[in-house]
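With my numbering, letter number 99 in the sequence shown gets 1429, and the count goes up by one each step, no holes.
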Amino acid sequence: MKTLFNPNILKAGLIFCALLVASCGETKKENAEVAEVEPPVLESASQEYADIVMQMYDHMSNFDHDAYGAIMADDITWYWPDGGADTRNSIKGKDNVITFWKNWEKTTGGKMTFSKNTLLPIKVNKPTNYYKAVGSGVLAYTDITITLKEQSSTVRQHAVMMFNDDMKINNVFLYYDRTGFIELTNVVLGETE
């Protein structure tokens, strides 16, 4: 029996198989390059941050100055809801924030409560145009009620509380309509004398 055998077909087949085996080891350069993905401006953060803010609200409602001071960074800045990004009144330093609230409690005899709290833990990856805080924080929406003697005023407050790497609050940005509090207290909270 005679076998049909063509040396040219055999050579072409061997070359094809050799190229196929050799090409399996190669990866195309386009496939090897990894596209860099830019992180989002905001993403979710741990619920622990919201729990800390809730603790702060509880401690401030009770004027437990040592307890809320323990969750603040020494270099905290407390921004009041007045002016623009560069002109807002602020209190710098934990001792000064605590002194302000101790003085407010002593001179007014007032009370404050926080209710209807909505706390959203966030991680800010890029600074915004309004403030340059990055890292973990909490967007907090709450009703704050201030009571002096027999009168009270409640406003819906939006706050952004940012944390340092030690999970201490180092920036508090407050946003609310101050009208009710000004009418009640006859003072603008945060204004220096």
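By construction, the Cβ of each residue, glycine as well, lies at the ideal position given by its N, Cα and C atoms.
query: 9 Å Cβ cutoff met for Lys1445 and Thr1472; result: According to the sequence provided, residue 1445 is Ser. The question's Lys does not apply to it. Yes. Within cutoff.
query: For Ile1421 and Asp1496, the rounded distance between their alpha carbons; result: 21 Å
query: DSSP bridge partner residues for Gln1481 (one or two, in chain order); result: Leu1478
query: Sub-9 Å separation of Ala1365 and Ser1466 beta-carbons; result: no
query: Cut-off 6 Å between Cβ atoms - residues of its own chain near Thr1443, not counting five sequence neighbours on either side; result: Ser1391, Thr1475
query: Nearest candidate by alpha-carbon position, reference Gly1440, set Leu1450, Met1386, Phe1393; result: Phe1393
query: For Trp1408, three-class secondary structure by DSSP; result: strand
query: Residues that Gly1467 bridges to, as DSSP identifies them; result: Ile1452, Met1492
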